[in-house]
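K.L.:
Residue numbers for the sequence shown follow numbering that gives the first Met the number 0, so the first one is 0 and each next one is one higher.
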Amino acid sequence: MADRTLDMLFDTVRDLATAVYNLRQEVNAGFQRMQGELENVNGELAQVKGDLAQVKGDLAQVKGELTQVKREVAQLKEEFQEMRSELRQVNERLDRIEKRLAKLEGESNHAKIRLFDVEREVEEIKRLHL
């Protein structure tokens with residue numbers, strides 16, 4: 000009976016050793032799967048980091064372009080103000096010229112009337128002397 004107990008004990012130890020071996024195999028396979036998944040996650044993370052770096056670069060470029068556009072808009076506003084001021088000055092000069100032309104037209108009309116009067120007087124004088 001001791002032999003049988005010993006055989007059972009050996010069988011139990013062998014079964015336990017096999018179970019431990021199988022468990023180790025499963026644990027190792029699980030670790031390998033986890034390692035593979037971790038490597039995939041790390042690869043995806045690296046891709047995301049690369050994409051993020053690209054987005055940051057694009058954003059920096061857009062910010063630079065926006066800054067340039069803002070400078071150009073400010074310059075255009077300044078030029079517009081200068082042009083508006085020049086236009087105001089031109090309008091003022093045109094107003095002065097129109098006033099001078101109106102005055103000259105009035106003087107011209109007055110001179111025509113005087114010339115007409117003088118011509119009538121000359122005609123009257125000629126008629127009287129003839």
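Note that beta-carbon positions come from the ideal geometry of N, C-alpha and C, so glycine has one too.
1) What are the start and end residues of the alpha helix (DSSP H) that includes MET33?
2) Rounded to whole angstroms, what's the CA-CA distance from ALA59 to THR66? Just pull it up for me.
3) In angstroms with no decimal places, state the Cα-to-Cα distance between GLU123 and VAL117.
4) Do you know how far the Cα of ALA28 is from the Cα of VAL47?
P.N.:
Judging by the given coordinates:
1) 1 to 128
2) Using only the alpha carbons, I get a separation of about 10 angstroms.
3) Roughly 10 angstroms separates the two Cα atoms.
4) The C-alpha of ALA28 is placed about 28 angstroms away from the C-alpha of VAL47.
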